[in-house]
Structure formats: structure tokens, C-alpha cells
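Contents: one structure, followed by commentary.
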Amino acid sequence: MNAVLAVIRRDLLLAMRRKSEVFTALFFFVIVTSLFPLGLGPEPALLKKIAPGVIWVAALLATMLGLSRLFAPDHADGTLEQLALSPAPLGLLITGKIAAHWITTGLPLVLMAPVLGLQYDLDAGALGVMVAALLLGTPLLSLIGAIGAALTLGVRGGGVLISLLVLPLYVPALIFGAGAVEAHLSGLGAAGHLSLLAALLALAVFFAPWATTAALRIALE
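According to our numbering, the sequence shown is numbered sequentially starting from 3.
Put into C-alpha cells, the structure is as follows:
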């Protein structure tokens, strides 16, 4: 665990030195979610109806912006080879890198989402459900995205390939995440959707680091 924490601390320090890359995803999220109320006008019923889908799609796309840089810099400077040769299991170290990616990309989106949700006339209960869904869903997006980033490491046009590989896998998270808020707004309760999101996250925590590690070892050979 000390090695995992060291990887997280290292990636966070590097992210602080590249603040523009960190804030790009957040600014993208804010801009995209703010354009819809401006374009549709002050229609509370319509804004409340589209809010879950808009916020989740914007979060999904914002998360994808940093996937191409998840492993590429470490691959270019040889750090990835050193991690593979270290005595600590590579899967745990990769888990630390994915955790750092979520802290710098997914967590700011979760913290900003309630403020942006006010633009869509969402009540406090709906905002709470949305934050809970994003807390479960954004780590899932990072875990799935790490697999795509590892599979396309060193490939020309990797950014486009990541989108083709990852977007279909993001669909369940999008459906259950947006569906949780919609179910709450309709009075059906969001517990079922949140439970399915939690189950998907548990599966991803178990399988995604292993799949990512296998893809990275192939890329390093």
C-alpha cells in the first residue's frame, strides 16, 4: 500500500505542475452544461427533464479528455518500465494511477455538479442523488477508460481509438447514472439505479486493473 500511495502522490504532484490539463476537463464540463440552459431558455420543466442526461454526458466526455495522457507520459520517459520492474505488483501500482486520475478529473466534476444542477431547477433531493450517482459513476468511468488507454498506448491516432473502445462501455454507467436522477424526480426512488451502479463499480475495481495491467505488459514488450 505504501507503493500505491507513493504512485498516487507522484501523479498528483505532476498534475499540479500541469494545472492547465487538470482544469481543461473541469472547464469543458462547466461550459457544456451551461450552454443548454442558455440555448433552451428559461423553461424549468424542460430543463429539469434534460438535466440528468446533459450533466452525465458532459461528465463522460470531460473524463475522456485526460485518458490519452493517463499512461503516455510515463511510457515516453520510461517510468512505466520502472513500475513494471518494481517488486510491488504492477496491478496495484496501476490502481494507484487510476485513483490519481479520478482525483484530478472525476472528483472536481462531482464537486461542481450540484452548483451546475441549480441551473436546471433541480431540488436538493435530486442534487443529492446526482452527486451520489456521480460518486459511484466517475470512478467507474476512470477504471473503464484506463483499459482503453492501455490498449491504445503507443498507437497512432490513439485518441480516436480510445473513444471507439470506451464509449460503448460507458453506456451502462450513463443509463443508470442519469436514470437514478430521473427516477427520483418521477417519485420512483433511485435506490435500484444506485445499487446497479455500485455493482458495476465493484466489478470494475476487481477486473479493470487486471485487464489494464495485461494490456500495458503487451504494450511494453
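The C-beta atom is built at its ideal place from N, Cα and C for all residues, glycine as well.
In this text, all values refer to a predicted model and were calculated from it rather than measured experimentally.
For the options 51, 37, 24 and 62, the alpha carbon positioned closest to that of residue 173 is the one of 62.
Put simply, the region 44–52 does not touch the region 9–21. Fewer than three CB pairs are less than 8 Å apart. Sequence-distant Cβ neighbours of residue 210 in its own chain, meaning closer than 7 Å and more than five residues away, are 145, 146, 148 and 149. Note on geometry: alpha-carbon atoms of residue 33 and residue 69 lie some 20 Å from one another. Just measuring C-alpha positions, the residue of 98, 27, 114 and 167 sitting nearest residue 107 is 27. Residue 90: not part of any alpha helix (DSSP H); DSSP gives it neither H nor E. In the displayed model, residue 157 falls within coil according to three-state DSSP, outside both helix and strand. Within the region 96–184, the runs of alpha helix (DSSP H) at least 4 residues long that lie entirely inside it are, in chain order, 109–119 and 126–153. Per DSSP, residue 197 is one residue of the alpha helix (DSSP H) stretching across 193–222. As the crow flies, the alpha-carbon of residue 198 is around 7 Å from that of residue 178. Scanning its chain for C-beta atoms nearer than 7 Å, with the 5 sequence neighbours on each side dropped, one finds around residue 57 the residues 35, 115, 118, 119 and 132, in chain order.
Below 8 Å, too few C-beta pairs join the region 163–172 and the region 191–207 to call them touching: fewer than three. Here residue 218 has 152 as same chain residues with Cβ atoms under 6 Å from its own Cβ, once five neighbours each way along the sequence are excluded.
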